[in-house]
Every structure is written in structure tokens, then in C-alpha cells.
Amino acid sequence: MKRYRALVPVVMVVLMAVSWYMLIADSMEVESAYNTYLSEARKYAEDGITKYAIENYRLALDISSSPEIYGEVADYYKSQEREEEYLDWCQDFLEAYPEQAIAYDYMLDAYLTDRDYESCYDVLETAEKRNISSDSIDKVRDEIRYVFQLDFNTYE
């Protein structure tokens, strides 16, 4: 019985050390995979291979989501002149980060590219309700103020 009393603390220490080692090893493996996916995505984006670039960006975002990566993908879509994908990505960006001003900046840019001023006003209104502002938001508000007018006239 006394032998077990001496053995239990030793086993506990060994198990604790093994668990810490496993935790650190897994963390390093995840970080390595994230960096690999990002570097591959950037390489494919540079080469103009959209399918694999987006695939690797999505894998990286699954590991660790960030507004910077969403912005990088949005910039890539815009540079490739893929308006529909750019708009869809910006909508996903805004859904993922509704409290980040940069998401509104990209969404407004996508709608301005599409000349969808009514949707621009909707985004501006949402940003205003959430008390989100940036220089870009103010610039767009001033830019489209006199371009498009919302009328609430009803006809019978």
C-alpha cells in the first residue's frame, strides 16, 4: 500500500509533463499549418491561380480568422476583377466582423464598384447605428450624398 502512495505523485508529475508537451506540440503544429496555408495562398495569388489561392486562404481562416486575411482576399478578388466574388466575399467579411470598420470599408467599396448606391446607404446606416466610423466611411458618405437620392414617395 505504501508503495502506491509513493508511486501516485510520480505518475501524476509524469502525466502532467506529457500533457504539457502534447499541448505545446499541437500548438506549434497548428501554427505551422496556418503559416503554410498562408504562404501557399499568397504564392498562388501571385501566380493568378484563383482556385488554389482561395482554397488555401479558407483553410488558413478556418485555423485562425482575422480581418487582415479577409482584406487580403478581398484585395485579390478586386485585382482579378471578379466583381461578383468580390461582393460575396465582402458580405462574408462584414458578417464575420460586424464591429470592424474595415469590413464596412470593403463592403462600401464593393457596392460603389457595382454602382449600387441604395445598398451603400444601407451599409452606411448600419455603420451609423453601430457607432462605427472611419475616414473611408465618411469619404463615401460625402461622395454619394448628391449622387443618389432616396425617395419615399408612394403612389396610389
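Just so you know, we're using this note's numbering here: the sequence shown kicks off at 18 and counts up by one.
Note that beta-carbon positions come from the ideal geometry of N, C-alpha and C, so glycine has one too.
C-beta contact flag for residue i and residue j at 8 Å
| i | j | result |
| --- | --- | --- |
| Ile-66 | Tyr-74 | no |
| Tyr-103 | Ala-120 | no |
| Ile-154 | Ala-118 | yes |
| Ala-70 | Tyr-54 | no |
| Ile-149 | Glu-98 | no |
| Ala-62 | Ala-77 | no |
Unbroken alpha helix (DSSP H) run spanning residue i, endpoints
| i | result |
| --- | --- |
| Gly-88 | 84 to 96 |
| Ser-153 | 152 to 161 |
| Ser-136 | 134 to 146 |
| Tyr-128 | 118 to 131 |
| Arg-75 | 67 to 80 |
| Tyr-103 | 100 to 113 |
Assumed close pair residue i, residue j - CB separation to whole angstroms, cut-off 8 Å
| i | j | result |
| --- | --- | --- |
| Tyr-123 | Cys-137 | Contact doesn't hold; Cβ gap of about 12 Å is too wide. |
| Ala-113 | Ser-82 | 6 Å |
| Val-157 | Leu-125 | 5 Å |
Coil, strand or helix - residue i by DSSP
| i | result |
| --- | --- |
| Ile-149 | coil |
| Val-30 | helix |
| Val-47 | helix |
| Val-164 | coil |
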